[in-house]
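Below is one structure, written out as structure tokens; the observations come after it.
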Amino acid sequence: MTVTDEITLFVNPTAGRGRGARAAQPAASALRAAGFSVRTVLGENAVDALTRARAAVEGGTGALVAVGGDGMANLALQAVAGTGTPLGLVAVGTGNDFARDLGIPVRDPVAAGRMIAEALKEDRLRDVDLGRVHGMREDGSRADGSRDGGARADGTWFGTVLASGFDSRVNDRGNRMRWPVGRFRYDLAIVAELAALRPLPFRIRLDDGEVREIEATLVAVGNGSSYGGGMRICAGADLQDGLFDITVVGDCDRRTLLTVFPKVYRGTHLAHPKVTVHRAARIEIQAPDVTGYADGEPLGPLPLTAECVRGAVRVALF
Numbered sequence: 148m149t150v151t152d153e154i155t156l157f158v159n160p161t162a163g164r165g166r167g168a169r170a171a172q173p174a175a176s177a178l179r180a181a182g183f184s185v186r187t188v189l190g191e192n193a194v195d196a197l198t199r200a201r202a203a204v205e206g207g208t209g210a211l212v213a214v215g216g217d218g219m220a221n222l223a224l225q226a227v228a229g230t231g232t233p234l235g236l237v238a239v240g241t242g243n244d245f246a247r248d249l250g251i252p253v254r255d256p257v258a259a260g261r262m263i264a265e266a267l268k269e270d271r272l273r274d275v276d277l278g279r280v281h282g283m284r285e286d287g288s289r290a291d292g293s294r295d296g297g298a299r300a301d302g303t304w305f306g307t308v309l310a311s312g313f314d315s316r317v318n319d320r321g322n323r324m325r326w327p328v329g330r331f332r333y334d335l336a337i338v339a340e341l342a343a344l345r346p347l348p349f350r351i352r353l354d355d356g357e358v359r360e361i362e363a364t365l366v367a368v369g370n371g372s373s374y375g376g377g378m379r380i381c382a383g384a385d386l387q388d389g390l391f392d393i394t395v396v397g398d399c400d401r402r403t404l405l406t407v408f409p410k411v412y413r414g415t416h417l418a419h420p421k422v423t424v425h426r427a428a429r430i431e432i433q434a435p436d437v438t439g440y441a442d443g444e445p446l447g448p449l450p451l452t453a454e455c456v457r458g459a460v461r462v463a464l465f
């Protein structure tokens with residue numbers, strides 16, 4: 148494979164409280180030092196930025212390099228998935244879970260820029276799986292049998308985890324809060340959601356065709372292993388096996404959830420009797436009054452269908 152000399156830097160200047168803007172220049176300098184021409188895409192907003200990124204890909208850019216966190220990586224995936232255009236990550240956001248899963252250095256834009264340059268020059272690229280979310284079945288109906296035009300999530304790609312249940316409700320609450328700023332806002336949202344904790348009636352269908360109706364605290368669909376900055380909710384997920392790891396946390400009370408939750412950073416929560424794991428290439432998932440999130444970005448209300456697409460994106464790695 149021959150990579151063109153022009154690289155597109157896809158920048159979120161607000162990522163990590165301004166780290167995105169500060170990281171763009173040293174990353175660009177590292178790429179230029181390796182002989183690449185670098186152009187930068189910012190965009191006035193997410194829609195405009197994605198339009199510009201897609202135009203760069205369609206124009207034959209040698210790679211799209213996302214500078215920011217998981218949200219910026221997710222936006223970049225919408226431009227490069229299925230195209231063969233390599234994706235590079237300069238991970239300087241808060242969570243950086245997709246980069247960590249790929250073994251890419253985080254919060255070191257110089258190292259990341261050099262790594263991307265070397266990978267492109269040496270053809271050190273890997274095709275990895277992505278999840279793709281749909282709000283409707285192939286016959287045009289939603290997963291609940293209705294025909295209301297589908298969800299906003301139709302065709303959205305994701306790299307890490309699709310969250311639904313307690314974790315997505317924490318996101319909902321945290322996103323509504325205007326104070327405090329940063330991660331502490333989500334810590335407060337966790338406390339508030341714990342106070343209101345109750346199991347939810349989920350209905351899931353995997354690719355074996357069996358419908359499972361369960362009371363659960365959350366259902367996490369993992370293409371990658373972690374979300375939320377290192378919470379290994381789907382610890383066994385493999386980015387190249389063509390399957391999701393689907394973690395179901397059952398009907399926990401607050402005490403049980405507080406016992407299980409700290410273990411998620413090591414992945415040892417999977418051994419708890421309230422936790423089960425399924426592996427499947429496709430899942431239909433529904434529950435009342437629950438929003439789905441993927442890579443930390445809102446997808447819209449359940450029901451949703453997700454499929455694991457093998458080798459959907461080519462990534463520059465060490």
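Numbering (this note's numbering), first residue to last: 148 to 465. A virtual CB, placed ideally from N, CA and C, is assigned to each residue, including glycine. Owing to the predicted nature of the structure, the values given are computational and were not obtained by experimental measurement.
Spatial distance of residue i from residue j (CA atoms)
| i | j | result |
| --- | --- | --- |
| glutamate 431 | leucine 353 | 7 Å |
| alanine 196 | glycine 369 | 27 Å |
| methionine 378 | leucine 178 | 32 Å |
| valine 486 | tryptophan 304 | No statement about residue 486 is possible, as the shown extent of the chain runs from 148 to 465 and does not include it. |
| arginine 461 | alanine 339 | 40 Å |
| valine 407 | alanine 418 | 10 Å |
| glutamate 153 | aspartate 355 | 45 Å |
| arginine 247 | glycine 443 | 15 Å |
| arginine 320 | arginine 332 | 9 Å |
| aspartate 436 | leucine 335 | 21 Å |
| alanine 200 | threonine 403 | 45 Å |
| leucine 267 | alanine 210 | 8 Å |
| arginine 325 | asparagine 318 | 13 Å |
| phenylalanine 183 | leucine 236 | 16 Å |
| aspartate 244 | alanine 226 | 19 Å |
| histidine 281 | aspartate 314 | 20 Å |
| arginine 323 | arginine 316 | 11 Å |
| alanine 463 | leucine 446 | 27 Å |
| aspartate 255 | leucine 222 | 21 Å |
| arginine 429 | alanine 441 | 15 Å |
| alanine 202 | leucine 234 | 15 Å |
| glutamate 269 | proline 252 | 18 Å |
| alanine 168 | arginine 330 | 20 Å |
| glutamate 265 | proline 327 | 41 Å |
Cβ-Cβ separation, residue j to residue i (assumed contact under 8 Å), whole Å
| i | j | result |
| --- | --- | --- |
| leucine 449 | glycine 439 | 6 Å |
| alanine 384 | glycine 371 | 6 Å |
| glycine 306 | alanine 220 | 6 Å |
| alanine 453 | leucine 309 | 6 Å |
| glycine 278 | phenylalanine 391 | 7 Å |
| glycine 250 | phenylalanine 465 | 6 Å |
Proximity of residue i and residue j at Cβ, strictly below 9 Å
| i | j | result |
| --- | --- | --- |
| valine 158 | valine 204 | no |
| serine 176 | valine 257 | yes |
| valine 456 | glycine 229 | yes |
| isoleucine 361 | isoleucine 393 | no |
| valine 366 | valine 396 | yes |
| glycine 375 | glycine 242 | yes |
| phenylalanine 349 | alanine 434 | yes |
| threonine 198 | leucine 156 | no |
| serine 311 | leucine 224 | no |
Option nearest residue i by Cα separation, candidates the options
| i | options | result |
| --- | --- | --- |
| cysteine 399 | Asn192, Pro420 and Thr415 | Pro420 |
| isoleucine 380 | His416, Arg345 and Val194 | His416 |
| asparagine 181 | Ile263, Arg316, Val437 and Ala434 | A small fix is needed here, since residue 181 is alanine in this sequence, not asparagine. It is Ile263 whose Cα lies nearest to the Cα of alanine 181. |
| threonine 232 | Asp244, Gly216, Thr198 and Gly206 | Gly206 |
| valine 239 | Leu224, Gly447 and Gly260 | Gly260 |
| valine 422 | Ala382, Leu446 and Leu451 | Ala382 |
| threonine 107 | His425, Gln225, Leu224 and Thr151 | No answer is possible for residue 107: it lies beyond the span of the chain, which begins at 148 and ends at 465. |
| valine 212 | Leu249, Arg401 and Ala174 | Ala174 |
| leucine 344 | Leu189, Leu405 and Pro327 | Leu405 |
| arginine 401 | Pro346, Glu265 and Val424 | Pro346 |
CB contact check: residue i to chain B, cutoff 9 Å
| i | result |
| --- | --- |
| alanine 210 | Among the chains in the structure shown there is no chain B, since it carries only a single protein chain. |
Counting beta carbon pairs with one atom in the region 261 to 278 and one in the region 387 to 395, are three or more of them shorter than 8 Å? Touching, yes.
On the three-pair Cβ rule with 8 Å, is the region 334 to 349 touching the region 409 to 416? no
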